[in-house]
């Protein structure tokens, strides 16, 4: 089992707008090739919704369904797999206001359920997941800095450099 956290800081987008953009899961496939599709099945009103995810991972599909709980007042999303290829997959998104924008924290715990391959698969999955989340948030919010993972920050800075997206100096 592996847990990871990724925190990104955005300037110029307030926390409420950032939260709203992050809830648009269907758009994630526009930003990273690994996300092949996300199908959202809306619930009633402000209740939870179900979503089906199809991701390309290590030369093949990785699929799951999850339930997503939206806590709009707290700008928090909690999700948990209900069916799929993971033995365990659950986590959260939290968007906090800052003086000049917002900070987005993504946390997840996952387990493929294959102990003999955990040492190989889980570190690769962690890196792919962090890169994808940083790219998605950067695409949705425009100007982000990775706060807590210098190796991912370097990858994301290089990825966005060709797109003409300005990058602020990292915040210590």
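In my numbering, the protein residues as written are -3 to 168.
We put the beta carbon where it would ideally sit given N, CA and C, even for glycine.
Computed from a predicted structure; not experimentally measured.
- Take residue 11 as the anchor and find which of 119, 31, 68 has the nearest alpha-carbon. 68
- Query: Counting only runs that start and end within the stretch 27 to 69, where is the alpha helix (DSSP H) found for 4 or more residues in a row?
  - Reply: none
- Task: Excluding the 5 residues preceding and the 5 following residue 51 in the sequence, name in chain order all residues of the same chain whose CB lies nearer than 8 Å to its CB.
- Result: 30, 31, 32, 57, 58, 59
- Just checking my contact of residue 19 with residue 66 at CB under 8 Å: how many whole Å lie between their CB atoms? 7 Å
- Task: Quick one: grab the DSSP three-state call for residue 167.
- Result: The predicted position of residue 167 is uncertain, since its pLDDT is 32 and thus under 50; a value taken from the coordinates is nonetheless stated next. Coil at residue 167, not helix or strand.
- According to the neighbour-count rule (16 or more other Cβ atoms, all chains shown, within 10 Å of its Cβ), is residue 113 buried or exposed? exposed
- Whose CA, out of 133, 109, 46, lies closest to the CA of residue 83? 109
- Item | Beta-carbon proximity of residue 64 to residue 88, cut-off 8 Å | no
- Message: Taking the straight line between their C-alpha atoms, what separation do you get for residue 16 and residue 151?
- Response: 26 Å
- Task: Write down the C-beta distance between residue 117 and residue 9 rounded to the nearest angstrom, noting that I regard them as a contact closer than 8 Å.
- Result: With 8 Å as the limit, residue 117 and residue 9 do not qualify as a contact, their Cβ atoms being about 34 Å apart.
- Query: The alpha helix (DSSP H) spanning residue 71 covers which residue range?
  - Reply: Here residue 71 belongs to no alpha helix (DSSP H), and DSSP marks it neither H nor E.
- Got a sec, what are the start and stop residues for the beta strand (DSSP E) residue 12 sits in? Unbroken run through residue 12 is the alpha helix (DSSP H), 11 to 18; no beta strand (DSSP E).
- Item | Three-state secondary structure assigned by DSSP to residue 138 | coil
- Ranges of the beta strand (DSSP E) found wholly within the stretch 108 to 156, counting only runs of at least 3: 140 to 142
- Do residue 133 and residue 4 have their CB atoms nearer than 8 Å? yes
- Message: Tell me the DSSP secondary structure of residue 106 in three-state form.
- Response: strand
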